[in-house]
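Chemist: This is the structure I have questions about; it appears just below.
4 protein chains.
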Amino acid sequence: MADCIDLNSDLGEGFGKYTLGDDEAMLDIVSSVNVACGFHAGDPDIMAHLAERTKQKGIALGAHPGFRDLHGFGRREIYGIPASELENLVIYQIGALQALARSHGQQLSHVRAHGALGNLSDSDSEIAAPLARAVYKADPHLALMTLPGCSADVAATEAGLKVARQAFADRAYNDDGSLVSRRLEGAVISDPSAAAERVIRLVQEGTVKTITGNKLILDARTICVHGDSPAAIAMAESIRTRLENEGIEIRPFTEHDDWN
Amino acid sequence: MADCIDLNSDLGEGFGKYTLGDDEAMLDIVSSVNVACGFHAGDPDIMAHLAERTKQKGIALGAHPGFRDLHGFGRREIYGIPASELENLVIYQIGALQALARSHGQQLSHVRAHGALGNLSDSDSEIAAPLARAVYKADPHLALMTLPGCSADVAATEAGLKVARQAFADRAYNDDGSLVSRRLEGAVISDPSAAAERVIRLVQEGTVKTITGNKLILDARTICVHGDSPAAIAMAESIRTRLENEGIEIRPFTEHDDWN
Amino acid sequence: MADCIDLNSDLGEGFGKYTLGDDEAMLDIVSSVNVACGFHAGDPDIMAHLAERTKQKGIALGAHPGFRDLHGFGRREIYGIPASELENLVIYQIGALQALARSHGQQLSHVRAHGALGNLSDSDSEIAAPLARAVYKADPHLALMTLPGCSADVAATEAGLKVARQAFADRAYNDDGSLVSRRLEGAVISDPSAAAERVIRLVQEGTVKTITGNKLILDARTICVHGDSPAAIAMAESIRTRLENEGIEIRPFTEHDDWN
Amino acid sequence: MADCIDLNSDLGEGFGKYTLGDDEAMLDIVSSVNVACGFHAGDPDIMAHLAERTKQKGIALGAHPGFRDLHGFGRREIYGIPASELENLVIYQIGALQALARSHGQQLSHVRAHGALGNLSDSDSEIAAPLARAVYKADPHLALMTLPGCSADVAATEAGLKVARQAFADRAYNDDGSLVSRRLEGAVISDPSAAAERVIRLVQEGTVKTITGNKLILDARTICVHGDSPAAIAMAESIRTRLENEGIEIRPFTEHDDWN
Numbered sequence: 171m172a173d174c175i176d177l178n179s180d181l182g183e184g185f186g187k188y189t190l191g192d193d194e195a196m197l198d199i200v201s202s203v204n205v206a207c208g209f210h211a212g213d214p215d216i217m218a219h220l221a222e223r224t225k226q227k228g229i230a231l232g233a234h235p236g237f238r239d240l241h242g243f244g245r246r247e248i249y250g251i252p253a254s255e256l257e258n259l260v261i262y263q264i265g266a267l268q269a270l271a272r273s274h275g276q277q278l279s280h281v282r283a284h285g286a287l288g289n290l291s292d293s294d295s296e297i298a299a300p301l302a303r304a305v306y307k308a309d310p311h312l313a314l315m316t317l318p319g320c321s322a323d324v325a326a327t328e329a330g331l332k333v334a335r336q337a338f339a340d341r342a343y344n345d346d347g348s349l350v351s352r353r354l355e356g357a358v359i360s361d362p363s364a365a366a367e368r369v370i371r372l373v374q375e376g377t378v379k380t381i382t383g384n385k386l387i388l389d390a391r392t393i394c395v396h397g398d399s400p401a402a403i404a405m406a407e408s409i410r411t412r413l414e415n416e417g418i419e420i421r422p423f424t425e426h427d428d429w430n
Numbered sequence: 171m172a173d174c175i176d177l178n179s180d181l182g183e184g185f186g187k188y189t190l191g192d193d194e195a196m197l198d199i200v201s202s203v204n205v206a207c208g209f210h211a212g213d214p215d216i217m218a219h220l221a222e223r224t225k226q227k228g229i230a231l232g233a234h235p236g237f238r239d240l241h242g243f244g245r246r247e248i249y250g251i252p253a254s255e256l257e258n259l260v261i262y263q264i265g266a267l268q269a270l271a272r273s274h275g276q277q278l279s280h281v282r283a284h285g286a287l288g289n290l291s292d293s294d295s296e297i298a299a300p301l302a303r304a305v306y307k308a309d310p311h312l313a314l315m316t317l318p319g320c321s322a323d324v325a326a327t328e329a330g331l332k333v334a335r336q337a338f339a340d341r342a343y344n345d346d347g348s349l350v351s352r353r354l355e356g357a358v359i360s361d362p363s364a365a366a367e368r369v370i371r372l373v374q375e376g377t378v379k380t381i382t383g384n385k386l387i388l389d390a391r392t393i394c395v396h397g398d399s400p401a402a403i404a405m406a407e408s409i410r411t412r413l414e415n416e417g418i419e420i421r422p423f424t425e426h427d428d429w430n
Numbered sequence: 171m172a173d174c175i176d177l178n179s180d181l182g183e184g185f186g187k188y189t190l191g192d193d194e195a196m197l198d199i200v201s202s203v204n205v206a207c208g209f210h211a212g213d214p215d216i217m218a219h220l221a222e223r224t225k226q227k228g229i230a231l232g233a234h235p236g237f238r239d240l241h242g243f244g245r246r247e248i249y250g251i252p253a254s255e256l257e258n259l260v261i262y263q264i265g266a267l268q269a270l271a272r273s274h275g276q277q278l279s280h281v282r283a284h285g286a287l288g289n290l291s292d293s294d295s296e297i298a299a300p301l302a303r304a305v306y307k308a309d310p311h312l313a314l315m316t317l318p319g320c321s322a323d324v325a326a327t328e329a330g331l332k333v334a335r336q337a338f339a340d341r342a343y344n345d346d347g348s349l350v351s352r353r354l355e356g357a358v359i360s361d362p363s364a365a366a367e368r369v370i371r372l373v374q375e376g377t378v379k380t381i382t383g384n385k386l387i388l389d390a391r392t393i394c395v396h397g398d399s400p401a402a403i404a405m406a407e408s409i410r411t412r413l414e415n416e417g418i419e420i421r422p423f424t425e426h427d428d429w430n
Numbered sequence: 171m172a173d174c175i176d177l178n179s180d181l182g183e184g185f186g187k188y189t190l191g192d193d194e195a196m197l198d199i200v201s202s203v204n205v206a207c208g209f210h211a212g213d214p215d216i217m218a219h220l221a222e223r224t225k226q227k228g229i230a231l232g233a234h235p236g237f238r239d240l241h242g243f244g245r246r247e248i249y250g251i252p253a254s255e256l257e258n259l260v261i262y263q264i265g266a267l268q269a270l271a272r273s274h275g276q277q278l279s280h281v282r283a284h285g286a287l288g289n290l291s292d293s294d295s296e297i298a299a300p301l302a303r304a305v306y307k308a309d310p311h312l313a314l315m316t317l318p319g320c321s322a323d324v325a326a327t328e329a330g331l332k333v334a335r336q337a338f339a340d341r342a343y344n345d346d347g348s349l350v351s352r353r354l355e356g357a358v359i360s361d362p363s364a365a366a367e368r369v370i371r372l373v374q375e376g377t378v379k380t381i382t383g384n385k386l387i388l389d390a391r392t393i394c395v396h397g398d399s400p401a402a403i404a405m406a407e408s409i410r411t412r413l414e415n416e417g418i419e420i421r422p423f424t425e426h427d428d429w430n
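Top to bottom, those sequences are chains A, B, C and D. To convert, count from 1 in the first sequence and add 170; that's the numbering used here. To convert, count from 1 in the second sequence and add 170; that's the numbering used here. To convert, count from 1 in the third sequence and add 170; that's the numbering used here. To convert, count from 1 in the fourth sequence and add 170; that's the numbering used here.
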């Protein structure tokens, strides 16, 4: 039974004058953050600021690279990018954040792929493999954050990377461990206390109840929470509070006893 | 009397399907290159390719950061960027190239600012200072390539950076060491043998004849040559040949005896 | 004594997933809007939506072109753009909105230049002239919205354009009719009732009290109000209410009796 | 038997300092051009220049809209764009060119979708329908250039547009009228005289020999030629010369006797 868990969230998703979500509020809730690197969102200032803030607060800093798609926020599937280009695209984004982190005495602990790049890397090994290779080349000590058992999990292991497996607090699961499509009813859990309950069970028992009512064993050391709306932040806060009330510590995955 | 000199050139100035100049030809001529980093030109693939090629050929690799101005090729003066943003903009670009270099076993030796960013940093200490700080933060062992005595030279020294001072093979100088404005007659030397002659004198005597006919002492360990047209490449080749005929070795500035 | 006035505001300043300001709230307040055209902000969907909404509500639709500077929100002064390119840049943006307007049975009535492009065109005739020519070439029936007497006002008149002169509800004026620099105390009027009072006097008397206490005659048929914060919207609402209470009608400048 | 034919080519594919192909050479060969509109290539200056040149030379001007994908040159398939956004994306690009054309006394006669947008619209009616609606809304008198019988042909007809059906001089056909995939041998015809021969037969007999040797009836009033390499230009010139030698006039499709 785990006595600690990591909470992660995607931050730094503004661009220039544009902001998205309340990063400062989320920095009080999570123990690791995934920072957009300028291709689908994010810019050097936002990245530098989050490098500094995560350093100050002892939060694990990760890169959140995405497709070159600012207008579509990296959510559009783009086909026809050669594997070598995908690799370089990811290395570029990680490297930019690494240098900005270094300039604030911070360093990266992980990478989580954003949006369509992330989704495709879950199921398509031809996307997952260059993603994993890119992370390894940028720094072999970085962990890749992925869904347990997905293509990216497999590719990361093959590439020699550590994997920080993650679960979602607010998403329903199918019996095979995949996420229920957002198009189906019940895919998203919007009740904060129900979501918190699921997270507690996940941490304490390592299981989650699937959409069909079965018990699924889920190996996850980090729980993804969202900060893109006041309601999302309220849910994340509620999850944090419930975890603390249960005596479960929220700590960066890099500081978990069984990580190294 | 110097027995070796560095020749540098700006490469990697394409973007996606677009190319500019003949990088491969220049790699046979120069001993150090400055690679565009994706803001005014360049993309991850081009950067990775040049990291690999310079590694193979023993050429010093530098970052060539510029303003976020792909359409204007970084040549437009953009006002109103806070110093902290300038710093982050430059760190971001250097970091991206650092990671791509690392992925090919290569590392950066220097930075040269591009276009309007470079020009402004020559004369404006409010641009030069954040540029120098950015380079230092990205890696204190990087050299900044600048004109001798300009604002960037001063700022780099203040920031604790080494400076690789450069001269232009094809530009006329004023008596005070500044470049003759391109708008004036005689500003650009287009005759390859005249340009080569100037470079020889610069290397052997450390002087250049100014536009008024005076002899100017010029402290330069790297000569900037261009590759953006067949004529420019021919001139660069001619300079290299003349230097070799004079027994002057073309070597990365990092390998000069008096560098470290 | 005028019995009607136009209220205008800059809308459509989002991009993709990013939003800025509350456009829908402002559509209930203003009688004409200036829509960003995709270079410093705005995108085809936002533009199309505002074309449709302004058509439905009888609001005058204008283009709000800016520099190619999404990251700097068009607020950065960019030097080195030839006059012919400035012209084409503005025609391009106007044309894009014209077609989207047409697709909703709407048409453009005016153009107001955004941010640094607007500021430069106020004082620099080398920017104002190509701006005015661009508007004329895109459609000679378009009005240019400008400060009274500025370079753009002069250039528009020379180009054969009608000018919709504007005043600011929340900005202090110097005795010469220029705006007090935002860097000086008292430059911005933040009290809604004081701002409303100024607008009433401007409409009824055609004057505004300057920062030195003098009475300035100001020829303005449209008042610029802002919607980029809840406080700005509250002020705009307050101005509208005060005008209505005084029996002053808020009507698109194109429908003013003395317009044609 | 046709006594005239249109030759079309995609021009204006540069961006800022970048150029692609030799537009000026192609303007001496073709009778209609399709101009990139700034999303996958092209910029306001290039568009304005081609508006002016086509006006001077009596060449039909068309818009060549593409996905927002400058780095991928519009060749990448991007999924997840709603139909309404696709429509606005295309209207925006057409509108920009319409205004620039107007500023040179020129007007648009047609639209041809570029790259991945064009390919998807050939086979996918969910892409073809918004494309056709966009063209109609931008101007119902514009023709859509498409492959005969493809989804875009059907959608254009349904939308009330005229269709300028096109054939490729350098591409092999399957028996069903589709193009042989570039991945298969024999897909591209590189011999200029063979290509010219095919065009002659197409114009004179309305047929083309398919890859299996069958005779395919092909209804085409415009032949697409390329200008992106010296070899492509040489082939286009050779086709033009052969057509002229056969007494076949090269004329914009809008001036064909049977067009209106």
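Built from N, CA and C at the ideal position, the CB exists for glycine as well.
Which class does Val-333 of chain A belong to by DSSP, given the choice of helix, strand or coil?
Modeler: Here residue 333 of chain A is taken as the residue at index 163 of the first sequence, counted from 1. Strand.
Chemist: What's the call for His-210 of chain B, buried or exposed, on a 16-neighbour Cβ count within 10 Å?
Modeler: Position 40 of the second sequence, counted from the first residue, corresponds to residue 210 of chain B. That one is buried.
Chemist: Counting only C-beta atoms, is Tyr-249 of chain A closer than 7 angstroms to chain D at any point?
Modeler: By 1-based counting over the first sequence, the position of residue 249 of chain A is 79. At least one chain D Cβ lies under 7 angstroms of Tyr-249 of chain A.
Chemist: Would you report the Cα separation of Tyr-262 of chain A and Pro-362 of chain A, rounded to the nearest angstrom?
Modeler: Locating residue 262 of chain A in the first sequence gives position 92, counting from the first residue. Locating residue 362 of chain A in the first sequence gives position 192, counting from the first residue. Looking at the two C-alpha atoms, the distance is approximately 37 angstroms.
Chemist: Using a beta-carbon distance cut-off of less than 8 angstroms, what residues from the segment 198-212 of chain C approach chain B?
Modeler: If the cut-off is 8 angstroms between Cβ atoms, the segment 198-212 of chain C has nothing near chain B.
Chemist: Run through the DSSP bridge pairs and tell me what Ala-230 of chain A is partnered with.
Modeler: Translated into positions along the first sequence, residue 230 of chain A becomes position 60. Beta-bridge pairing links Ala-230 of chain A to A:Ser-202.
Chemist: In angstroms, rounded to a whole number, what distance separates the CA positions of Ala-366 of chain A and Ala-365 of chain C?
Modeler: Numbered from 1 along the first sequence, position 196 holds the residue referred to as residue 366 of chain A. Numbered from 1 along the third sequence, position 195 holds the residue referred to as residue 365 of chain C. Roughly 49 angstroms separates the two Cα atoms.
Chemist: Please tell me whether Arg-246 of chain A and Gly-250 of chain D are closer than 7 angstroms, where the distance is taken between their beta carbons.
Modeler: By 1-based counting over the first sequence, the position of residue 246 of chain A is 76. By 1-based counting over the fourth sequence, the position of residue 250 of chain D is 80. Their beta carbons are under 7 angstroms apart, which means Arg-246 of chain A touches Gly-250 of chain D by this criterion.
Chemist: For Ser-179 of chain C, which residues does DSSP report across the bridge?
Modeler: Residue 179 of chain C sits at position 9 when you count from the first residue of the third sequence. According to DSSP, Ser-179 of chain C bridges with C:Val-203.
Chemist: Using a 10 Å radius around the Cβ and a threshold of 16 neighbouring Cβ atoms, would you call Ala-334 of chain D buried or exposed?
Modeler: What you label residue 334 of chain D is simply residue 164 of the fourth sequence in a count that begins at 1. Ala-334 of chain D should be labelled buried.
Chemist: For Pro-310 of chain C and Lys-332 of chain C, I'd like the C-alpha separation in whole angstroms.
Modeler: On the third sequence, residue 310 of chain C is found 140 positions in, with the first residue counted as 1. On the third sequence, residue 332 of chain C is found 162 positions in, with the first residue counted as 1. The straight-line gap from Cα to Cα measures roughly 9 angstroms.
Chemist: Which value, in whole angstroms, describes the spacing of the CA atoms of Pro-214 of chain B and Ile-393 of chain C?
Modeler: The residue given as residue 214 of chain B occupies position 44 in the second sequence. The residue given as residue 393 of chain C occupies position 223 in the third sequence. So the alpha carbons of these two residues sit roughly 48 angstroms apart.
Chemist: Report the residue from B:Ala-329, B:Ser-360 and B:Gly-330 whose alpha carbon sits nearest the alpha carbon of Ala-499 of chain B.
Modeler: Because chain B spans 171 through 430 in this model, residue 499 of chain B falls outside it and cannot be assessed.
Chemist: So the candidates are D:Thr-377, D:Thr-411 and D:Gly-186; which of them puts its Cα closest to the Cα of Gly-212 of chain D?
Modeler: Stepping through the fourth sequence from its first residue, residue 212 of chain D is reached at position 42. Ranking D:Thr-377, D:Thr-411 and D:Gly-186 by Cα distance to Gly-212 of chain D puts D:Gly-186 first.
Chemist: How big is the Cα-Cα spacing for Val-203 of chain B and His-280 of chain B?
Modeler: Residue 203 of chain B sits at position 33 when you count from the first residue of the second sequence. Residue 280 of chain B sits at position 110 when you count from the first residue of the second sequence. In a straight line, the C-alpha of Val-203 of chain B is about 9 angstroms away from that of His-280 of chain B.
Chemist: For Arg-353 of chain A and chain D, any beta-carbon pair shorter than 7 angstroms?
Modeler: Within the first sequence, residue 353 of chain A is the residue found at index 183, counting from 1. Output row for Arg-353 of chain A: interface = no.
Chemist: Just by C-beta distance, which residues in the segment 284-308 of chain B are closer than 7 angstroms to chain A?
Modeler: Listed by position along the chain: Lys-307 and Ala-308.
Chemist: In this structure, how does DSSP classify Val-358 of chain C when only helix, strand and coil are distinguished?
Modeler: Position 188 of the third sequence, counted from the start, is the residue given in the question as residue 358 of chain C. Looking at Val-358 of chain C - three-state DSSP - the assignment turns out to be strand.
Chemist: Figure out for me which residue from B:Ser-351, B:Pro-300 and B:Gln-336 has the closest Cα to the Cα of Leu-317 of chain B.
Modeler: As a first step, residue 317 of chain B is located in the second sequence; it is residue number 147 there, counting from the start. Nearest option by C-alpha distance: B:Gln-336.
Chemist: Roughly how many whole angstroms lie between the Cα atoms of Leu-413 of chain B and Arg-391 of chain B?
Modeler: As a first step, residue 413 of chain B must be located in the second sequence, where it is residue number 243. As a first step, residue 391 of chain B must be located in the second sequence, where it is residue number 221. Cα-Cα distance, rounded: 14 angstroms.
Chemist: Does the beta-carbon of Gly-417 of chain C have 16 or more other beta-carbons within 10 angstroms, so that it is buried, or is it exposed?
Modeler: Residue numbering aside, residue 417 of chain C sits at position 247 when the third sequence is read from its first letter. By the neighbour-count rule (16 or more Cβ atoms within 10 Å), Gly-417 of chain C is not buried but exposed.
Chemist: Could you have a look at Phe-185 of chain B and say whether DSSP puts it in helix, strand or coil?
Modeler: Translated into the one-based positions of the second sequence, residue 185 of chain B becomes position 15. Phe-185 of chain B falls in the strand class under three-state DSSP.
Chemist: Between the segment 290-304 of chain D and the segment 290-303 of chain C, are three or more C-beta pairs nearer than 8 angstroms?
Modeler: They do not touch, by the three-pair rule.
Chemist: What is the residue span of the alpha helix (DSSP H) that Ile-261 of chain A lies within?
Modeler: In the first sequence, counting from the first residue as 1, residue 261 of chain A sits at position 91. Unbroken alpha helix (DSSP H) run through Ile-261 of chain A: 253-272.
Chemist: Residues in the segment 260-272 of chain C with C-beta within 9 angstroms of chain A's C-beta atoms, listed in sequence order?
Modeler: Result list empty, no residue passes.
Chemist: Expressed to the nearest angstrom, what Euclidean distance is found between the alpha-carbon atoms of Gly-383 of chain D and Thr-377 of chain D?
Modeler: Here the question's residue 383 of chain D lines up with position 213 in the fourth sequence. Here the question's residue 377 of chain D lines up with position 207 in the fourth sequence. If I take the Cα positions, the gap works out to 12 angstroms.
Chemist: 7 angstroms is my cut-off, CB to CB: does Asp-215 of chain D come that close to chain C?
Modeler: Sequence index remark: in the fourth sequence, residue 215 of chain D carries index 45 (1-based). Chain C contact via Cβ: present.
Chemist: Nearest-angstrom Cα distance between Glu-296 of chain A and His-241 of chain D?
Modeler: On the first sequence, position 126 is the one that residue 296 of chain A refers to. On the fourth sequence, position 71 is the one that residue 241 of chain D refers to. The alpha-carbon atoms of Glu-296 of chain A and His-241 of chain D are separated by roughly 21 angstroms.
Chemist: Taking the beta strand (DSSP E) that Tyr-249 of chain D belongs to, which residues open and close that run?
Modeler: Taking the first residue of the fourth sequence as 1, we reach residue 249 of chain D at position 79. 247-249 is the span of the beta strand (DSSP E), which, as asked, contains Tyr-249 of chain D.
Chemist: Could you check what DSSP says for Arg-135 of chain C in three-state terms: helix, strand or coil?
Modeler: As displayed, chain C neither begins before 171 nor continues past 430, which places residue 135 of chain C out of reach and without an answer.
Chemist: Using DSSP's beta-bridge definition, name the partner residues of Met-315 of chain D.
Modeler: Reading the fourth sequence from its first residue, position 145 is the one you call residue 315 of chain D. In the DSSP output, where bridge partners are listed per residue, Met-315 of chain D has D:Ala-334.
Chemist: Applying the 10 Å Cβ sphere with the 16-neighbour rule, what's the burial state of Asp-345 of chain C?
Modeler: Along the third sequence, one-based indexing puts residue 345 of chain C at 175. By the 10 Å Cβ count, Asp-345 of chain C comes out exposed.
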